[in-house]
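Student: Have a look at the structure that comes next, please.
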Amino acid sequence: MRLTTKGRFAVTAMIDLALRQDKGPVTLAGISQRQDISLSYLEQLFGKLRRHEIVESVRGPGGGYHLARKAQNVTVADIIIAVDEPLDATQCGGKGNCHGSDVSNGLHCMTHDLWATLNAKMVDYLDSVSLQDLVNQQKQKISENQVIVVHQAHANHTAS
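In the working numbering, each number is its position in the sequence shown, counted from 1, plus 36.
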């Protein structure tokens with residue numbers, strides 16, 4: 037199981053948007069350039085995010101996108117679910133036939149419960165991380181990279 041490009045790009049684009057929206061609507065062309073994500077791909081993702089009322093579009097000159105609700109009220113799970121990203125560690129989509137066997141006998145594969153529990157934990161975790169948490173992490177990284185450390189040379193002075 038892995039998170040596909042769709043989910044990764046959607047979360048990355050949303051962090052970019054949230055970091056910049058205080059200066060007005062953010063263009064997809066800007067996100068595309070900064071994050072090296074295809075503009076047409078972003079258009080598809082943002083269409084889904086808009087339909088799930090996570091972002092709103094602003095038309096016209098100076099238009100773009102902004103968050104439809106506060107960043108602390110948007111979770112990573114919200115974003116991933118909005119772009120139709122499946123979060124499923126089972127091979128069966130929850131049907132219990134992970135190895136293609138007939139589930140009509142009522143038996144799940146021996147590891148089904150393990151993967152189903154992982155699914156639940158994964159969703160719980162992604163639902164506990166807000167977009168604001170990710171924005172704060174990025175702001176922290178940016179401020180740490182902008183700190184200039186000046187080292188002073190200490191000379192050993194000996195008395196003559």
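Virtual Cβ for every residue (Gly too), placed ideally from N, Cα, C.
Keep in mind that this is a model prediction, so the values were computed, not measured.
For M50, which residues from the same chain have a beta carbon less than 7 Å from its beta carbon, with the 5 sequence-adjacent residues on both sides left out?
Tutor: By one-based count along the sequence shown, residue 50 stands at place 14. If we look at M50 and ignore the five residues flanking it on each side, its Cβ neighbours are I115, L167.
Student: Quick test of the definition: if touching needs 3 or more C-beta pairs under 8 Å, does the stretch 45-62 touch the stretch 89-104?
Tutor: In short, these stretches touch, since the Cβ pair count reaches three.
Student: Going by DSSP, what residues sit across from L103 in a beta bridge?
Tutor: Within the sequence shown, the letter at position 67 stands for residue 103. In DSSP, L103 forms a bridge with V91.
Student: Going by alpha carbons, who is nearest to L78 out of R70, L64, Q69?
Tutor: Along the sequence shown, read from residue 1 onward, the residue named residue 78 stands at position 42. Considering only alpha carbons, the answer is L64.
Student: Could you spell out the range, first to last residue, of the alpha helix (DSSP H) harbouring Q71?
Tutor: Here the question's residue 71 lines up with position 35 in the sequence shown. Here the alpha helix (DSSP H) through Q71 covers 64-71.
Student: Taking the alpha helix (DSSP H) that S179 falls in, what are its first and last residues?
Tutor: Sequence index remark: in the sequence shown, residue 179 carries index 143 (1-based). Run containing S179: 167-182, per the alpha helix (DSSP H) assignment.
Student: Going along the chain, which residues of its own chain have a beta-carbon closer than 8 Å to the beta-carbon of A118, five neighbours each way excluded?
Tutor: Counting from one through the sequence shown, the residue named residue 118 turns up at place 82. Around A118: A46, K84, L85, R87, H88, I90.
Student: Can you tell me whether DSSP reads T48 as helix, strand or coil?
Tutor: Here residue 48 corresponds to residue number 12 of the sequence shown, with the count starting at 1. Note: T48 maps to helix in three-state DSSP.
Student: Determine the burial state of P61: buried for a count of at least 16 other Cβ atoms within 10 Å of its Cβ, exposed for fewer.
Tutor: Stepping through the sequence shown from its first residue, residue 61 is reached at position 25. Answer is buried; the Cβ neighbour count reaches 16.
Student: Report the three-state DSSP secondary structure of T41 (helix, strand or coil).
Tutor: Residue 41 sits at position 5 when you count from the first residue of the sequence shown. Three-state result, T41: helix.
Student: Check for me: the alpha helix (DSSP H) holding L162 runs from which residue to which?
Tutor: By one-based count along the sequence shown, residue 162 stands at place 126. Per DSSP, L162 belongs to the alpha helix (DSSP H) from 148-164.
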